[in-house]
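Novice:
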Ligand code: HEM
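In the numbering used here, the protein residues as written are 30 to 101.
Below, the structure is given as structure tokens:
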């Protein structure tokens with residue numbers, strides 16, 4: 030392996046699941062689930078290392094949840 034190939038570049042390695050069709054998951058199909066999950070992933074997914082996005086303003090969280098629900 031070359032030196033360059035051994036480095037970890039941000040954005041080059043998947044850290045979480047593919048979010049395509051995420052709104053089709055039985056549990057993820059509601060705005061409430063998406064809002065709770067992005068604010069506190071560990072509340073819904075025990076042991077998850079996904080960071081909390083609770084610091085985002087409420088309207089940003091609403092927009093994020095609305096976007097996630099379009100991924101069918
Ligand atoms: C705004 C940014 C993010 C959004 C909107 C987001 C959204 C989501 C959603 C909707 C799921 C559930 C997927 C499913 O059940 O199939 C999920 C899961 C997950 N995400 Fe994220 N994610 C974000 C950032 C991140 C980051 C930065 C990481 C890692 C550093 C991460 C790691 C994970 C992991 C490990 C899971 C599986 C465990 C769980 O459901 O909590 N996510 N994410």
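Just so it is clear, CB atoms sit at the ideal spot from N, CA and C, and this is done for glycine as well.
Could you round the C-beta distance between residue 52 and residue 93 to whole angstroms and report it? I think they count as a contact, below 8 Å.
Specialist: Not a contact, Cβ separation roughly 13 Å.
Novice: Helix, strand or coil for residue 62 per DSSP?
Specialist: Helix.
Novice: Give the secondary structure of residue 76 by DSSP, where H, G and I count as helix, E and B as strand, and everything else as coil.
Specialist: Of the three classes helix, strand and coil, the one that applies to residue 76 here is coil, per DSSP.
Novice: Counting C-beta neighbours from all protein chains within 10 Å, is the total for residue 63 16 or more, i.e. buried, or is it exposed?
Specialist: Result: buried.
Novice: Please state if the CB of residue 56 and the CB of residue 67 are separated by a distance shorter than 7 Å.
Specialist: No, these two residues do not count as a Cβ contact at 7 Å.
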